[in-house]
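Asks: I have a structure here, written as structure tokens, and I will follow up with some questions on it.
Protein chains: 2
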Amino acid sequence: MPDDRVDLLASVLPLAKALRRIEDAAAGAHGLTMWQYAVLLVVAAQPSGSQAELAARLDYSRNRLVADLDVLEARGLLVRRPGADRRTNELAATDDGVATMRAIQAAIHAGEDDLLSVLADDDRAELDRLLRLAGQAARQARETREVV
Amino acid sequence: MPDDRVDLLASVLPLAKALRRIEDAAAGAHGLTMWQYAVLLVVAAQPSGSQAELAARLDYSRNRLVADLDVLEARGLLVRRPGADRRTNELAATDDGVATMRAIQAAIHAGEDDLLSVLADDDRAELDRLLRLAGQAARQARETREVV
DNA sequence: TATTGTTATACTCTATAACTATA
DNA sequence: TATAGTTATAGAGTATAACAATA
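Which chain is which? The protein sequence lines are S and U, in order.
So the first sequence is residues 449 to 596, counted in the working numbering.
So the second sequence is residues 449 to 596, counted in the working numbering.
The structure is reproduced here in structure tokens:
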């Protein structure tokens, strides 16, 4: 029986690249990178007790995070404060940071809607729901390292 | 009104990375890279009239394609033949190439099923269908450059 | 000894340009 | 001149290792 399944990556890779272009453009319009926006997004949702914790939440590198935080702090979008454990920095977004994050996010959502405008409304909602589940499964697979 | 939408990339990126790991592992078990497998997959489905045409079909670089074809040809998985236009190479997969491609593909599909085993059967089928549509939209957006 | 933030280094992937041969 | 294949070069993105300060 011939296998007419299409490898998922053949669909997911172009989709990821298109979404990446949308986020780069939206963040770039405010002089930020996609990762700097992601930092702002996560810290605005919940202040972080340390940079290491934030890196883990973002599935990002604690090394690369340093330079991004330098940029965000210099632009007044985020503040570093020494924590109780004096090795750590507590991180919080400023009002300016939250506003910038919201503006970028609005542009991203508009770009997503435009990209996927071929989908019917209920199909789009289903895609969002299923993608969230699949993304969650992928993150857990990464943690447990039980992938194949 | 607060925006509780989750950026699609936050789900798609981990998913793409997990799928990439699966394909790398499956192709690597046969001494190939993900792109070399992708070349084999596409050429087996339909022989190519030129390397440039193949690169376009794969949304891949014609430059990087050269070294990958060298490997596949040296391993007897694919043949280059001069075309009518003597600047071009016609490309076709060998029987060995098709068999190798099928073995890798089977491992990939097993890995995908394992990764997404948390999804119910009908949810999984819907994800496949919607991802195919979204991937198609992303590829077209890339062609027309009308993204945001 | 282990962990946090930090810096420096190396490696992979990708994008761009340039060369040749054919058209 | 334009295009195909090829090669070489440069850049971005990422991973790894090392360091000082603190626990």
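Just so you know, even glycine gets a beta-carbon here, dropped at the ideal spot from N, CA and C.
(1) Output yes if chain U places a C-beta closer than 7 Å to the C-beta of S:L578; else output no.
(2) For U:R580, name the three-state secondary structure that DSSP assigns.
(3) Mind checking whether U:L541 and U:L502 have CB atoms under 7 Å apart?
(4) Rounding to the nearest angstrom, what Cα-Cα distance links S:L456 and U:R529 in this structure?
(5) Can you name the residues of chain S whose CB is closer than 7 Å to the CB of U:S459?
(6) Does the beta carbon of S:P462 sit closer than 7 Å to a beta carbon anywhere in chain U?
(7) U:E597 versus chain S: which residues are under 7 Å apart at the beta carbon?
(8) When DSSP builds the beta bridges, which residues end up paired with S:N537?
(9) Could you tell me whether the Cβ atoms of S:I470 and S:G559 are closer together than 7 Å?
(10) Using 10 angstroms around the beta-carbon of U:A551, count the other beta-carbons present and answer buried if the total reaches 16, otherwise exposed.
(11) Please list the terminal residues of the continuous alpha helix (DSSP H) segment that includes S:T548.
(12) Mind checking U:D516: buried by the 16 CB within 10 Å criterion, or exposed?
(13) Measuring straight from C-alpha to C-alpha, what distance separates U:E521 and U:V491?
Replies: The short version:
(1) Taking the first sequence and counting its residues from 1, the one referred to as residue 578 of chain S is at position 130. It does: the Cβ of S:L578 has a partner Cβ on chain U nearer than 7 Å.
(2) The residue labelled residue 580 of chain U in the question sits at position 132 within the second sequence. The answer is helix: DSSP assigns U:R580 an H, G or I state.
(3) Within the second sequence, numbered from 1, the residue matching residue 541 of chain U stands at position 93. Within the second sequence, numbered from 1, the residue matching residue 502 of chain U stands at position 54. Note on identity: in this sequence residue 541 of chain U is Ala, with Leu being the wrong assignment. Taking 7 Å as the Cβ cut-off, U:A541 and U:L502 do not qualify as a contacting pair.
(4) In the first sequence, residue 456 of chain S corresponds to position 8, counting from 1. In the second sequence, residue 529 of chain U corresponds to position 81, counting from 1. Taking the straight line from one Cα to the other gives about 31 Å.
(5) By one-based count along the second sequence, residue 459 of chain U stands at place 11. Those are L579, R580, A582, G583, listed as they occur along chain S.
(6) The residue you call residue 462 of chain S lines up with position 14 of the first sequence. Closer than 7 Å to some Cβ of chain U, the Cβ of S:P462 qualifies, so yes.
(7) There is no way to answer for residue 597 of chain U, as the model of chain U reaches only from 449 to 596.
(8) For the purposes of this step, residue 537 of chain S is identified with residue 89 of the first sequence, where counting begins at 1. Looking at the DSSP assignment, S:N537 forms a beta bridge with S:P530.
(9) Locating residue 470 of chain S in the first sequence gives position 22, where the first residue counts as 1. Locating residue 559 of chain S in the first sequence gives position 111, where the first residue counts as 1. Against a cut-off of 7 Å, the Cβ pair of S:G559 and S:I470 comes out as a contact.
(10) In the second sequence, the residue the question calls residue 551 of chain U occupies position 103. U:A551 comes out exposed.
(11) On the first sequence, position 100 is the one that residue 548 of chain S refers to. Taken as a continuous stretch (DSSP letters only), the alpha helix (DSSP H) holding S:T548 covers 543-563.
(12) For the purposes of this step, residue 516 of chain U is identified with residue 68 of the second sequence, where counting begins at 1. Its Cβ being crowded by 16 or more others within 10 Å, U:D516 is buried.
(13) Within the second sequence, the letter at position 73 stands for residue 521 of chain U. Within the second sequence, the letter at position 43 stands for residue 491 of chain U. Taking the straight line from one Cα to the other gives about 13 Å.
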